[in-house]
Amino acid sequence: MTIHFYLKFHTHYGQTLSITGNLDVLGNEKLMASYPMAYFNDEFWHATIKVSDKEKADQLTYRYNLHNEDGTVVVEGEQDRSIDLYHAAVDEIILQDAWNSAEYTENVFYTKPFQEVLLPERADGNRSVPKSTHEFRVKAPLLDAGETICLSGTGSTFNEWDTNKPVLLSPSGKWYSVQLNLKKDKFPIEYKYGIYNLAEKKFMHFETGNNRALYAEGAKKRYYILHDGFLQVDRKWKGAGIAVPVFSLRTKNGSGVGEFKDLKLLSDWAAATGLKLIQLLPINDTSATHSIKDSYPYAAISAFALHPIYLNLEKIAGAKNGVLLKPLARKQKQLNALADVKYEDVMEFKLAALKELYEAEKGMLHEDKEYFDFFELNRKWLVPYAAFCYLRDKYNTSDFTKWKSNKIYEEEVIQQLVAPDQKHYHNIAIHYFIQYHLHLQMKDATDYAHSLGIVLKGDIPIGIYRYGCDAWMNPALYNMQEQSGAPPDDFAVKGQNWGFPTYNWDKMQLDEFAWWRNRFEQMSGYFDAFRIDHILGFFRIWSIPVIEVEGILGRFVPAIPVSLSEFSDNNTWFDHTRYCSPFINDVIVDELFSGNAELVKNKFLDVAGGGLYKLKKFVQNQSLVEQYFQKNPEEFPTLKQGLFDLVSNIIMIEAGSEQQFHFRIDASKTSSFRNLDGHTQNQLHDLYINYFFRRQEDFWRKEGMKKLPGLKRSTNMLVCGEDLGMVPACVPDVMKHLAILSLEIQRMPKDSSREFFHPRDAPYLSVVTPSTHDMSTVRGWWEEDKSKTQRFYNFIMGHYGHAPFFCESWICKEIIIQHLYSPAMWSIFQLQDILGMNAKLRRKDPDEERINQPADPGHHWIYRMHLNIEDLLKEQEFNSEIRNAVMASGR
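In this text, residue positions in the sequence shown follow my numbering: the first is 335, and each later residue adds one.
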């Protein structure tokens, strides 16, 4: 059999095209072995392959690739072209295809949330005719219930454009298709797709754009298949959702923290209010220290294991073991009455109960087929995770570098450690048991939400915990001597240090990012969409040496450094010590330490000559400073920050070579920079601007395109990116090219010339929200800066006069409605902001509603709802108000 590929695509000089597919000749899905195409004419590229009799028993799947002149490859967004070769009693198949760019909005509607939950079932049209010569296929994701696709055009088969007798198509996989016998028709044929209402038996309208054309006439033993891309109609889909951490949920019979089962009640409330999405914070296990520090949900000890705190004990116990929980009822009631999550007490309470339940259940697990299926499916991560937890508890630390054994992960040794005949086996197997029930309860919550038309959106942290199972198993995947964070901004003037090791992307790429792909696959068992935390990290990460504490001493990695030759070319004098070492003189010491200046000079500084000082060895970096003050708590605490500032008073950072350097962020704001002469300042400023805002863009674009396209293709979840902060100019373009939804926040405009972002200006492929878990709520923000609030009131809300001092309920409502009417695909709100619409239901003190303080590394994540979800469900008037607002906005 011969197959001809004709791709309708316009290239420019230097570009070529290829085909990747599941046949040997097409490279067996390997991009590097793809089959080249040839230029055919101004409209088409062409390729011909021969298919063996053996391969005719297969189904052909394929896609196209664009090869740019710079060596980069763009894989198209289409993943649904498949041909049943074994059904084709023909000698030749001619495939006429339209390129499907990954950036086409319509591709979004073939992701999991839309295909499995949100969109109506597709209506069936006519069946295909026998002895067909041509098959027409088109995609149309946004049809209403009862609608199908129809065809009309020139020729007798298409009834000469008679819309009273259109040809109807039927759903076929992701396509609408019809097989027609066009032997009696005159070519070329012009045609168009349209929409037909089956219930009313009525033609609705044609697609927009020019007529489509078919030039290829059918012949004996030759079959034509046209993949015509998307139906050209201007339809949009919009939805609204709620964002709340699982730990924040409150129910009448809870245990002091939200649980997976509570998502079912939250789904009931979402359905009652017209909301279609529930967004959660990360739900992975963070049990590293068995302390309040573990409340931080972005520091998981496993990228795959779920957090035991979210288990519902009653559901595990059932009627059979319910008696085991009766003695715990009083403690449970006490925990549930608390205003905030008492993390350590809840964990202690639940783990003690889980040990009892495991002891009662362990003898029966060997009879549970679902348990064994779960174990086998997840063995690859589950067994090392359970071993890690056992060793963590045995040695009272998750820092595996301090363990007396198994510091280095060796699979054979771990298999011996977890063997069922070991005395400690049940101390390991309890973690299998816990993860199994977490899986059952989370899956049950997901299925229930789906039954109500609600989708769940998860959150993938950009980092992993330094002393977690992932780092233990494969430390080569991470740069353990670096820490990820964020550069300074208005919310954290010293930058942020998250403490996570950065990723060794080159190592990860060797197996095509298998760790990430496995992570997505695991997540897709529970979620329909996900938020990539700090998507900028896929382009470049803010990397801080492990010897430093503050984020201000980081730099972007990867980045093109400044070479010595550039200083020379710019006629700029370069002094390694002056630029790369802390600049300390009497004036600076007096400014930082005031009355303690002489104490600091005597205790922490050495004379360097020329009126300058240098830091003594025991405080030469911020980690040493931190260690000193931990050992000497009686010292003035203000001295520590002053010494931090001295350490960071540099202009440039060495790039591992005496010939290459990186600028310290905000170098011009340092006293070191201010002590340079004006001419040198101007010359350094020019190099600084080039370094941060020009030279890196194309480099970072390629970094993002090296990772994100393949990872996005590996999952069918809807992908959203948290693209906040110091955003490179290339990021929005790459996200648009890949149809990754952006995040648009009213008080964090991406246009630096604007003070506020207006939801009406949001791009369609975006999520708009007035606040996130890293910010104060709308009510809290309203009281932070009255002059800013006044400008917001006048220019964004459009009101005259003085703004109310407090954020009254009508203000919250107006801001919510403003977001509902945004053109963005999704409007998602923190639960606290929605409750802010009602003066009776909202919390009294808005400061108690905040989930996280990014500038405070010691912050604890303990926020709980002040209302039970059961009581919220009874607020029919309030719930109807929300539903009416959602419905009126078209969401």
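Ideal placement from N, C-alpha and C gives every residue a C-beta, glycine not left out.
According to DSSP, Gln1166 sits in a beta bridge with which residue or residues? For the purposes of this step, residue 1166 is identified with residue 832 of the sequence shown, where counting begins at 1. Under DSSP, Gln1166 takes part in no beta bridge, so it has no partner.
Helix, strand or coil for Ala1013? Go by DSSP, reduced to three states. The residue given as residue 1013 occupies position 679 in the sequence shown. Checking the sequence, you will find His at residue 1013 rather than Ala. Helix.
Just to check my reading of the structure: Leu1045 and Trp737 have Cβ atoms closer than 8 Å, yes? What is that Cβ distance to the nearest angstrom? Translated into the one-based positions of the sequence shown, residue 1045 becomes position 711. Translated into the one-based positions of the sequence shown, residue 737 becomes position 403. With 8 Å as the limit, Leu1045 and Trp737 do not qualify as a contact, their Cβ atoms being about 33 Å apart.
Thr972 to Asn1009 span [Cα, whole Å]: Here residue 972 refers to the residue found at position 638 when the sequence shown is read from its first residue. Here residue 1009 refers to the residue found at position 675 when the sequence shown is read from its first residue. Each residue's Cα considered, the two are about 24 Å apart.
Three-way DSSP call (helix, strand, coil) for Met1221 in this model: The residue you call residue 1221 lines up with position 887 of the sequence shown. In the structure shown, the three-state DSSP call for Met1221 is helix.
Across the segment 954–970 and the segment 896–907, are there enough close Cβ pairs to call them in contact, namely three or more that are closer than 8 Å? With the cut-off at 8 Å, the segment 954–970 and the segment 896–907 do not touch.
How do the segment 1192–1201 and the segment 620–631 stand: do at least 3 beta-carbon pairs fall below 8 Å, yes or no? The way I'd put it, the segment 1192–1201 does touch the segment 620–631; three or more beta-carbon pairs between them come closer than 8 Å.
What do you get for Trp1144, buried or exposed, if any count of 16 or more other CB atoms within 10 angstroms of its CB means buried? Counting from 1 along the sequence shown, the entry for residue 1144 is found at position 810. Residue burial is scored here from C-beta neighbours: Trp1144 has fewer than 16 other C-beta atoms within 10 angstroms and is therefore classed as exposed.
Should Leu502 and Ser511 be called a contact, given that it needs their Cβ atoms to be closer than 7 Å? The residue given as residue 502 occupies position 168 in the sequence shown. The residue given as residue 511 occupies position 177 in the sequence shown. Judged by beta-carbon spacing, Ser511 lies beyond the 7 Å limit of Leu502, meaning their Cβ atoms are not closer than that value.
Burial state of Gly697, where buried means 16 or more other Cβ atoms lie within 10 Å: The residue you call residue 697 lines up with position 363 of the sequence shown. Exposed: under 16 other Cβ atoms inside 10 Å.
If you run the structure through DSSP and keep just helix, strand and coil, what is His624? As a working mapping, residue 624 is identified with position 290 in the sequence shown. Coil at His624, not helix or strand.
Residues of its chain near Leu1154, where Cβ-Cβ distance is below 7 Å and the 5 sequence neighbours each way are ignored: As a first step, residue 1154 must be located in the sequence shown, where it is residue number 820. Listed in chain order, the non-local C-beta contacts of Leu1154 below 7 Å within the same chain comprise Ala574, Ser1161, Ala1219, Val1220, Ser1223, Arg1225, local neighbours out to five positions each way being set aside.
Tell me which same chain residues have a C-beta within less than 6 Å of the C-beta of Ile1074, skipping the five on either side of it? As a first step, residue 1074 must be located in the sequence shown, where it is residue number 740. Cβ neighbours of Ile1074 beyond the five flanking positions: Val1053, Gly1055.
Which stretch, first to last residue, makes up the alpha helix (DSSP H) that contains Cys1229? Outside the shown range of the chain, which is 335 to 1225, sits residue 1229, and nothing can be said about it.
Taking the alpha carbon of Phe1139 as the reference point, which residue from Ile1150, Phe1126, Asn655 has its own alpha carbon closest? Along the sequence shown, one-based indexing puts residue 1139 at 805. Closest option to Phe1139, judged by alpha-carbon separation, among Ile1150, Phe1126, Asn655: Phe1126.
Suppose contacts are defined by Cβ-Cβ distances below 7 Å. Is Arg456 in contact with Pro505 by that definition? Sequence index remark: in the sequence shown, residue 456 carries index 122 (1-based). Sequence index remark: in the sequence shown, residue 505 carries index 171 (1-based). Result yes, Cβ atoms of Arg456 and Pro505 sit closer than 7 Å.
Find out if the Cβ-Cβ distance for the pair Leu725, Asn740 is shorter than 7 Å. As a first step, residue 725 must be located in the sequence shown, where it is residue number 391. As a first step, residue 740 must be located in the sequence shown, where it is residue number 406. Between Leu725 and Asn740, the C-beta gap is smaller than 7 Å, which places the two residues in contact.
His539 - partner residues in DSSP beta bridges: Mapped onto the sequence shown, residue 539 falls at position 205. Paired residue(s): Ile529.
Using C-beta distances below 6 Å, list every residue in its chain close to Glu403, excluding the 5 sequence neighbours before and after it, in chain order. By one-based count along the sequence shown, residue 403 stands at place 69. Answer for Glu403: Gly348, listed in chain order.
Checking 7 Å against the spacing of the C-beta atoms, do Thr336 and Lys384 come in under that value? Your numbering for residue 336 matches position 2 in the sequence shown. Your numbering for residue 384 matches position 50 in the sequence shown. Yes. Within cutoff.
With a CB to CB cut of under 7 Å and the five nearest residues on each side skipped, what residues in its chain are close to Phe343? One-based indexing of the sequence shown puts residue 343 at position 9. The residues are Leu351, Trp379, Trp433.
How about the segment 869–885 and the segment 1165–1179: do they share at least three Cβ pairs that are nearer than 8 Å? The segment 869–885 makes no contact with the segment 1165–1179: fewer than 3 CB pairs, one atom from each, lie closer than 8 Å.
At least three beta-carbon pairs within less than 8 Å, the segment 831–843 to the segment 753–769: Pairwise C-beta distances place the segment 831–843 out of contact with the segment 753–769, as fewer than three of them are shorter than 8 Å.
At which residues does the beta strand (DSSP E) containing His996 begin and terminate? Numbered from 1 along the sequence shown, position 662 holds the residue referred to as residue 996. From DSSP, the beta strand (DSSP E) with His996 extends over 994–997.
Counting C-beta neighbours from all protein chains within 10 Å, is the total for Met1051 16 or more, i.e. buried, or is it exposed? Along the sequence shown, read from residue 1 onward, the residue named residue 1051 stands at position 717. That one is buried.
Can His468 and Tyr558 be called in contact, C-beta distance under 7 Å? By 1-based counting over the sequence shown, the position of residue 468 is 134. By 1-based counting over the sequence shown, the position of residue 558 is 224. Cβ distance < 7 Å, so His468 and Tyr558 count as in contact.
With DSSP as the reference, please indicate the residues paired to Glu678 in a beta bridge. Position 344 of the sequence shown, counted from the start, is the residue given in the question as residue 678. Paired residues: none, contrary to the question.
Could you tell me if Tyr527 is buried or exposed, where buried requires 16 or more neighbouring beta carbons within 10 angstroms of its beta carbon? Looking up residue 527 in the sequence shown gives position 193. By the 10 Å Cβ count, Tyr527 comes out buried.
Start and end residues, beta strand (DSSP E) containing Ala479: Against the sequence shown, residue 479 aligns to sequence position 145. For Ala479, there is no enclosing beta strand (DSSP E), since its DSSP letter is neither H nor E.
Classify Met681: buried if its beta carbon has 16 or more other beta carbons within 10 angstroms, exposed otherwise. Start at 1 with the first residue of the sequence shown, and residue 681 comes out as number 347. Taking all protein chains in view, the Cβ of Met681 is crowded by 16 or more other Cβ atoms within 10 Å, so the residue is classified as buried.
For Leu772 versus Leu672, is the C-beta spacing smaller than 7 Å? In the sequence shown, counting from the first residue as 1, residue 772 sits at position 438. In the sequence shown, counting from the first residue as 1, residue 672 sits at position 338. In this structure, Leu772 sits away from Leu672, with a CB-CB distance that is not shorter than 7 Å.
What residues in its chain sit with their C-beta under 7 Å from that of Phe1090, if we drop five residues either side in the sequence? For the purposes of this step, residue 1090 is identified with residue 756 of the sequence shown, where counting begins at 1. For Phe1090, where only same-chain residues beyond five positions count, the Cβ hits under 7 Å are Gln1080, Arg1081, Pro1083, Phe1126, Ile1130.
CA nearest to the CA of Lys1147, picked from Asp1167, His346, Asp924: Counted from its first residue, the sequence shown places residue 1147 at position 813. Looking at the Cα atoms, Asp1167 is the closest of the given residues.
Considering only DSSP beta bridges, list what Cys1054 is partnered with. By one-based count along the sequence shown, residue 1054 stands at place 720. Per DSSP, Arg865, Leu1075.
Exposed or buried, Phe952, counting other C-beta atoms within 10 Å across all chains shown (16 or more means buried)? Numbered from its first residue, the sequence shown carries residue 952 at position 618. Phe952 is classed as exposed because its beta carbon has fewer than 16 other beta carbons within 10 Å across all chains shown.
Could you tell me which residues DSSP pairs with Arg397 in its beta bridges? Stepping through the sequence shown from its first residue, residue 397 is reached at position 63. Arg397 is bridged to Thr354.
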